[in-house]
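A.B. asks:
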Amino acid sequence: MKKLLKSALAAAFVLMMTGFANAQTKIGHVNFQQLVMGDPQFKGIQANIDAYQKDFITKQQEMQTELQTKGTDYEAKRKDMTDAARLKAETELNQINNNLQAFTKDAQERVTAKSNELYKPLVDKMRAAIAQIAKEKGYAYVIDSSQTELLVSPEADDLMASVKAKVAGGVAPAAVAAPKK
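Note that the sequence shown covers residues -23 to -1, 1 to 158 in mature numbering (1 follows the signal peptide of the UniProt record, and there is no 0).
(1) Where does Asp32 land, buried or exposed, given buried means 16+ other C-beta within 10 angstroms?
(2) Would you kindly report the start and end of the unbroken beta strand (DSSP E) that includes Asp121?
(3) May I have the straight-line CA-CA distance separating Lys3 from Ala111, to the nearest angstrom?
(4) Can you tell which of Leu127, Val119 and Leu99 has its C-alpha closest to the C-alpha of Lys20?
(5) With 16 other CB atoms within 10 Å as the buried threshold, where does Leu128 fall?
(6) Kindly indicate which three-state DSSP category Ala142 falls into: helix, strand or coil?
(7) Under a Cβ-count criterion, where at least 16 other Cβ atoms within 10 Å of its own Cβ denotes burial, should Gly15 be classed as buried or exposed?
(8) Just checking my contact of Tyr51 with Ala66 at CB under 8 angstroms: how many whole Å lie between their CB atoms?
(9) Leu64 and Gly48 look like a contact to me (Cβ under 8 angstroms); what is the Cβ gap, rounded to whole Å?
(10) Spell out a yes or no on whether the region 78 to 90 and the region 102 to 110 are touching, meaning 3 or more CB-CB pairs, one atom from each, closer than 8 angstroms.
(11) Report the residue ranges of all alpha helix (DSSP H) runs contained in full by the region 59 to 128; include only those spanning at least 4 residues, in chain order.
Take a look at the structure:
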């Protein structure tokens, strides 16, 4: 019985300390995806990525068309081919397919790298603005609400308008004031 009482007291103490620690920590939230997509630079960056990706898509479609055409031709002529000709055609089709897969993988990696390169300055700008607003308003943590569903999210802890104003070079709106300690 004494062990149970000690365990209950220890658990209560831990819960009280956790509650005390949480009372000291302010947590804000921002929809980072919406913030980035709403920035005027976003459309220009996306247009550059689309243009960069277009050449890869065109080349990939050409390779797929070649594979389809040769595959259809092979299927039509397969019954009349010698074993050596059939083996040669199958080897060629496999090589075209392997080239297509390698090209697709390389293209995806290059487009991803280019996207990361082009978005990095915008993302860094947004992160810096969020960090600055969080510091100004006394927030220890800021959660990305585009990645996490917030079941309860007080309006005062939504830093979106303040961050938008900071990025735009304006003054943070008073309606989105930090909660009192």
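Even for Gly, the Cβ is constructed at its ideal location relative to N, Cα and C. Quick caveat, the model's predicted, so the values are computed rather than measured.
C.D. replies: So, from the data block:
(1) As a working mapping, residue 32 is identified with position 55 in the sequence shown. Exposed, because fewer than 16 other Cβ atoms sit within 10 Å of the Cβ of Asp32.
(2) The residue labelled residue 121 in the question sits at position 144 within the sequence shown. Following the DSSP letters along the chain, one finds Asp121 inside the beta strand (DSSP E) bounded by residues Tyr118 to Asp121.
(3) Counting from one through the sequence shown, the residue named residue 3 turns up at place 26. Counting from one through the sequence shown, the residue named residue 111 turns up at place 134. Going from the Cα of Lys3 to the Cα of Ala111 covers about 9 angstroms.
(4) Position 43 of the sequence shown holds residue 20. Measuring from the Cα of Lys20, the nearest candidate turns out to be Leu99.
(5) Walking along the sequence shown from the start, residue 128 turns up at place 151. By the neighbour-count rule (16 or more Cβ atoms within 10 Å), Leu128 is not buried but exposed.
(6) Counted from its first residue, the sequence shown places residue 142 at position 165. Looking at Ala142 - three-state DSSP - the assignment turns out to be helix.
(7) Within the sequence shown, numbered from 1, the residue matching residue 15 stands at position 38. Here Gly15 is exposed. Its C-beta has fewer than 16 other C-beta atoms within 10 Å.
(8) Mapped onto the sequence shown, residue 51 falls at position 74. Mapped onto the sequence shown, residue 66 falls at position 89. Sure, about 5 angstroms apart at Cβ, within 8 angstroms.
(9) Residue 64 sits at position 87 when you count from the first residue of the sequence shown. Residue 48 sits at position 71 when you count from the first residue of the sequence shown. At roughly 15 angstroms, the Cβ-Cβ gap does not stay under 8 angstroms, so Leu64 and Gly48 are not in contact.
(10) Using a Cβ-Cβ distance cut-off of 8 angstroms, the region 78 to 90 and the region 102 to 110 are not in contact, since fewer than three pairs of beta carbons, one from each stretch, lie closer than that value.
(11) Fully enclosed alpha helix (DSSP H) runs of 4 or longer: 60 to 114.
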